[in-house]
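Every number in my numbering is 485 more than the matching position in the sequence shown, counting from 1. Where is the CB? At the ideal position from N, CA and C, for every residue including glycine. Predicted model, so just to flag it, every value in this text is computed and none were measured. Everything on this sheet refers to the single structure shown next.
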Amino acid sequence: MSRFIVTFVILFFVVQNSFAAVVKIEGVIKDARSIREIFLYPDKSFGEFEKQAIPLYQKGMFSVDVDITYPQMAVLGVDGMYLKLYLSPGAAIYLDADAMIFPSGTNFSGDGGSDNYLLQEYYKIEPPIREFDKQYYRILGHQFPYSTQIEGYMHLYHPDEYRQKLEAKQAKMKLLFDGPQFAKATPDFQSFLRSEIDGFLHYGLLSYALLYAKREKIETNYFHLDALPSGEVNSDYYRNYLILNNLYTASLTEGNPRAQTCYRLAQAMEQGRAQEYLLSEIIIDAVRKGDEETLMLFEEFLSEYPESPFLNKIDKVIYKDISLFYGEKAPDFFLPNIDGGNNTLKQFAGKVVYIDFWASWCKPCLEKLDRLEKAKAESSNKDIVFVTISIDGNEQIWKQTLRTRGYTGVHLYAGKSSPVVRDFKVKGVPSEYIVKKDGYFAPAPDDTDPKNLLVLLKRLNNK
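Right, dumping it as C-alpha cells:
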C-alpha cells in the first residue's frame, strides 16, 4: 500500500508545461439590488481554474479573466441561479443579464458570444440536468446518469417507438446547425455541439439496448451504431457514450472486462482528445475498484500524455478517493435508525459491513434492494451486517418506504446534508461500500448480481 502511494507521488513530480490563454468574461447584471458578488466555477466534469467570487460594481457591472489551456464548461452563479457557459481559450464573452429573471433573457456578444447563444438555445431543447434530478442506472459495473425524460422514455416505449422519440428530438437539435449563429461560432464549439447531438442519440440507444435486452426483442442496430468521429469531450452525452461503448465492446470478449482490456480497446478505437479522456477515465475507474493493473496503466498514460489536462482529475481521485478503495480506515458515523435509536459504524467492529446509500425516489436503488433482499433470504450470516443509509429529503417518506417494502437489516437516515454523505464522498445513488472486520475499506463491489455480492461478503468474513 505505502509503496503504491509513494510511486504515484513520484510520478506526479513530472514537470508539466502548458500554454494558457485568457478568457475575458464581463458584462452587467441589471436589477442586482443587494447582490454584491457573483461566482464562476468550472463544470464538475473537469476544469483548470478554481471557483472565483466576482464583485459587482456600479450598476451591476463585472469583469473577470480566466486562464485556460483548452476549451471547457463553466458555471456562472447569480443569487442561487446558474448559467452554464462555454469557454474557449482566448475568447472574450460579454453578457447582459437581469438578476430578476436570470438566467433567462441573457444576451451574449463578443467572439465567444455565438458559442454561448447557441449553448442556451440547445439547452432550451435539452435542459442540463441538475445533480439531484439525475436518474442513475448501473450498466456493466458502472453508473450512468439519465434525465427524467429519457428515463421515462425507457420505461414507457418499446424499441421502435423509443428510437423514434430520440430521433425526433435529435432532428430538432440539428436545426441549430442551419442558423446564422452556428457559422459564427468557434470551431471548438461547433465540434462540441455536434458531439453533444450525436452523443445524445448514440448514448440513448445503446443504454436502452443494454438495459432492456431481456425485456424487449432488441434489434442489432441498437448495439451496432455508426462510429462517431472523434469529438469534443466537454459534451456530457459524448463522454458518457465513449465510456459505455468502451465497456460494452470490451464485454463482448471479456464478460466483466478488466481495466487493461478497456484501455487497449480505447487505444485501438479512439483517437485525439477523445482517446486521452477515455484512457484517463479507465484509470480513474481502476483506482476506485482497486484494480492491480492501475499503476502499470497510469505509468503508460503519463509517459504518453505528460501534459494532459486530465492528470489533475486522476490526481484528485488518487489522493481524495483512494481511502475508500485502498485499505484506509472507514469514517465513523452517528445516525438515527428506523426504530428510533441511533447507530455508529464502530458498534459493528469485528463484522463485515455492507453499506448502501439510497433514496426512495431512486428506482435503481429500490430494484437493487429488492434483488438483494431475495438473495439474503436464502443465506444468513450473523457476522455480516447490511446497512442502508437514506439521503431522502423527507424522513417520513423514508420510513413509509421501508414499512411498505419490508427490507431487513440496519436502516439509517442521513438526509441530503449530513456529514456522512461528504465523508463517504457520495456522488450519486445507489452507492455501495464494504467495510472489513478491522474497520478498513475493501474495494467497492462492481457486480450487479446480489448472489455474487453475498459470495464476496462471505469470503471477506472468512479471512
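1) Mapping the DSSP letters down to three states, classify residue 593 as helix, strand or coil.
2) Do you know how far the Cα of residue 613 is from the Cα of residue 652?
3) Taking all protein chains shown into account, decide if residue 565 is buried (16 or more other Cβ within 10 angstroms of its Cβ) or exposed.
4) Would you kindly report the start and end of the unbroken beta strand (DSSP E) that includes residue 872?
5) State the Cα-Cα distance for the pair residue 875 and residue 896, rounded to the nearest angstrom.
6) How about the region 712-724 and the region 669-683: do they share at least three Cβ pairs that are nearer than 8 Å?
7) Residues in the same chain with beta-carbon distance under 6 Å from residue 594, minus the five sequence neighbours each way, listed in chain order, please.
8) Considering only residues of the same chain and omitting the five flanking positions on each side of residue 828, which have a CB-CB separation below 7 Å?
9) For residue 791, count the other beta carbons within 10 Å of its own beta carbon; 16 or more makes it buried, fewer makes it exposed. Which is it?
10) When the distance is taken between beta carbons, is residue 766 closer than 7 Å to residue 841?
11) Run through the region 504-585 for me and flag every whole beta strand (DSSP E) of 3 or more residues, listed as ranges in chain order.
12) In this structure, does DSSP put residue 814 in helix, strand or coil?
13) Could you name the residues of the same chain whose beta carbon sits closer than 6 Å to that of residue 529, not counting the 5 residues immediately before and after it, in chain order?
14) Does DSSP put residue 883 in a helix, in a strand, or in coil?
15) For the region 555-573 against the region 508-528, are there 3 or more C-beta pairs whose distance is under 8 Å?
16) Is it true that the CB of residue 845 sits closer than 7 Å to the CB of residue 882?
17) Residue 624 bridges to which residues according to DSSP?
18) List the residues that DSSP assigns as beta-bridge partners of residue 843.
19) Here's a check: name, in chain order, each residue in its chain whose Cβ is nearer than 6 Å to the Cβ of residue 943, leaving out the five neighbours to either side.
20) Would you kindly work out how many angstroms separate the C-alpha atoms of residue 771 and residue 813, rounded to a whole number?
21) Give every residue of the same chain whose Cβ lies closer than 7 Å to the Cβ of residue 950, excluding the five residues on either side of it in the sequence, and list them in chain order.
22) Using 10 angstroms around the beta-carbon of residue 599, count the other beta-carbons present and answer buried if the total reaches 16, otherwise exposed.
23) If you draw a straight line from the C-alpha of residue 741 to the C-alpha of residue 922, how long is it?
24) For residue 486, count neighbouring Cβ atoms within 10 angstroms of its own Cβ and tell me buried if that reaches 16, exposed if not.
25) Measuring CB atoms only, is the region 681-690 touching the region 654-663, in the sense that at least three cross pairs come out at less than 8 Å?
26) By DSSP, does residue 707 sit in helix, in strand, or in coil?
27) Using only alpha-carbon positions, find the residue among 865, 870 and 853 that is nearest to residue 833.
28) For residue 517 and residue 581, I'd like the C-alpha separation in whole angstroms.
29) Taking the alpha carbon of residue 815 as the point to measure from, which residue in 906, 850 and 710 has its own alpha carbon closest?
30) Apply the 10 Å Cβ neighbour rule to residue 794 and answer buried if 16 or more other Cβ atoms are within range, or exposed otherwise.
31) If you measure between the beta carbons of residue 746 and residue 739, is that distance less than 7 Å?
32) Quick one: any contact between the region 615-625 and the region 549-559, if contact means 3 or more CB pairs under 8 Å?
33) What does the Cβ neighbour count give for residue 761, buried or exposed, with the cut at 16 atoms within 10 Å?
34) Measure the Cβ-Cβ separation of residue 607 and residue 666 and say whether it is below 7 Å.
35) Give me the Cα-Cα distance between residue 702 and residue 642, rounded to the nearest whole angstrom.
36) What is the rounded straight-line gap between the Cα of residue 725 and the Cα of residue 543?
Well, looking at it:
1) Strand.
2) Near 19 Å, if we compare the C-alpha coordinates of residue 613 and residue 652.
3) By the 10 Å Cβ count, residue 565 comes out exposed.
4) Unbroken beta strand (DSSP E) run through residue 872: 869-875.
5) Cα to Cα, residue 875 sits roughly 8 Å from residue 896.
6) Counting Cβ pairs under 8 Å, three or more are found: they touch.
7) Here the set comprises 579.
8) Around residue 828, the same chain offers 820, 822, 895 and 897 as residues with beta carbons nearer than 7 Å, after the five sequence neighbours per side are excluded.
9) Exposed, because fewer than 16 other Cβ atoms sit within 10 Å of the Cβ of residue 791.
10) Their beta carbons are not under 7 Å apart, which means residue 841 does not touch residue 766 by this criterion.
11) Those beta strand (DSSP E) runs which fall completely within the region 504-585 and span 3+ residues are 506-515, 522-527, 537-540, 546-553, 557-563, 566-572 and 577-583.
12) It is a strand residue.
13) Cβ neighbours of residue 529 beyond the five flanking positions: none.
14) The three-state secondary structure of residue 883, taken from DSSP, is helix.
15) Touching, yes, given that three or more Cβ pairs across the two stretches are closer than 8 Å.
16) A contact, by the Cβ cut-off of 7 Å.
17) Beta-bridge pairing by DSSP links residue 624 to 627.
18) Residue pairing by DSSP puts residue 843 in a beta bridge opposite 875.
19) Around residue 943, the same chain offers no residue with a beta carbon nearer than 6 Å, after the five sequence neighbours per side are excluded.
20) Cα to Cα, residue 771 sits roughly 17 Å from residue 813.
21) This structure cannot settle anything about residue 950, because the visible part of the chain is limited to 486 through 948.
22) It is buried - the Cβ of residue 599 has at least 16 other Cβ atoms within 10 Å.
23) So the two alpha carbons sit approximately 27 Å from each other.
24) In this prediction, residue 486 has a pLDDT of 37, which is less than 50 and means its spatial position is unreliable; what the coordinates show is noted afterwards. Residue 486 comes out exposed.
25) Yes, since at least three Cβ pairs between the region 681-690 and the region 654-663 fall closer than 8 Å, the two stretches touch.
26) When secondary structure is reduced to three states using DSSP, residue 707 falls in the helix class.
27) Answer by Cα proximity: 870.
28) One alpha carbon belongs to residue 517, the other to residue 581, and they sit about 12 Å apart.
29) Cα-wise, what sits closest to residue 815 is 906.
30) Residue 794 counts as buried, since at least 16 other C-beta atoms from the protein chains shown sit within 10 angstroms of its C-beta.
31) Taking 7 Å as the Cβ cut-off, residue 746 and residue 739 qualify as a contacting pair.
32) At 8 Å Cβ cutoff, the stretches do not touch.
33) By the neighbour-count criterion, in which a residue is buried when 16 or more other Cβ atoms sit within 10 angstroms of its Cβ, residue 761 is buried.
34) In this structure, residue 666 does not lie closer than 7 Å to residue 607 by Cβ.
35) Each residue's alpha carbon lies about 13 Å from the other.
36) Straight-line measurement puts the Cα of residue 543 at about 43 Å from the Cα of residue 725.
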